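Count along the sequence shown from 1, then add 56; that gives the number in the numbering used here. Below: the structure, in structure tokens.
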Amino acid sequence: MHPKAQQIINQVDAFLAKHPKYTLYDQLVQLEIKTGQPKALFFIAGVLALFGSLVLVAGGKLIVDLAGFVYPAYMSFKSLEAQHDETEWLTYWVVFSSFSILESFLSPLVNLVPFYLWIKVAFIIFMYHPSTKGALMIYQQALRPLLLPYLEVDKSAATKKIS
């Protein structure tokens, strides 16, 4: 087996072992014993089948909505409960909302773009992924300069909070 494939299987195995209640770990172990194939392959096949079914049944919009709402909402809730600085997730929601409104106005054009829903999923992930922090970049470079002149905000507090 290719070393990269083995690395992925090992990572999936670690994930399965860490979350046995949610991943049907015992059933996957039994399947691995019966077939001699890694349980990670069955898990990956199941996830792909579920993902494919969602796309076929509900369409790509459901995938976009899941990408745009589930993880960010979970992280926002987690941030609020841990009483951490909520700036990162508030920024995401401001940018996401602005993007959604802009998308509504441009819907006739958006419908002409091939693979638009997949591009949108990639953009949403770019906005909240920890290595890119795209929402913060978009906010600082586009939305903030556009909107700040029209808001009555203590500008010293705003500069302190976002920077």
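Even for Gly, the Cβ is constructed at its ideal location relative to N, Cα and C. All values derive from a computational prediction rather than experimental measurement.
Going by beta-carbon coordinates alone, are residue i and residue j separated by less than 8 Å?
| i | j | result |
| --- | --- | --- |
| A178 | T147 | no |
| E159 | V151 | no |
| S135 | W145 | yes |
| D69 | A96 | yes |
| K117 | L162 | no |
| I65 | P94 | yes |
Tell me, to the nearest whole angstrom, how far the beta carbon of residue i is from that of residue j; I am working on the premise that it is less than 8 Å.
| i | j | result |
| --- | --- | --- |
| I119 | V126 | Not really, about 11 Å apart at Cβ, beyond 8 Å. |
| S154 | L199 | 6 Å |
Quick one: residues in its chain with C-beta nearer than 6 Å to the C-beta of residue i, no 5 flanking neighbours on either side, listed in chain order?
| i | result |
| --- | --- |
| Y81 | L72 |
| S132 | W145 |
Let me know if residue i comes out buried or exposed under the rule of 16 or more other beta-carbons within 10 Å of its beta-carbon.
| i | result |
| --- | --- |
| M183 | buried |
| F99 | buried |
| L84 | buried |
| A123 | buried |
| Y195 | buried |
| I180 | buried |
| P164 | exposed |
| P205 | exposed |
| P128 | buried |
| K77 | exposed |
| K176 | buried |
By Cβ distance below 8 Å, which residues in the same chain neighbour residue i in space, the five residues on each side in sequence not counted?
| i | result |
| --- | --- |
| T79 | F71, L72 and F99 |
Take residue i and list the residues in its own chain whose beta-carbon comes closer than 7 Å to its own, dropping the five residues that flank it on each side.
| i | result |
| --- | --- |
| E88 | P94 and K95 |
Inset, instruction - Taking only runs that begin and end inside the region 61 to 85, name each unbroken alpha helix (DSSP H) of 4 or more residues, in chain order. - result: none
Inset, instruction - Can you check the region 131 to 183 for any alpha helix (DSSP H) of at least 4 residues that lies completely inside it and give the ranges in chain order? - result: 143 to 161 and 163 to 166
Legend entry - Within the region 82 to 129, ranges of the alpha helix (DSSP H) (whole runs, at least 4 residues): 95 to 114
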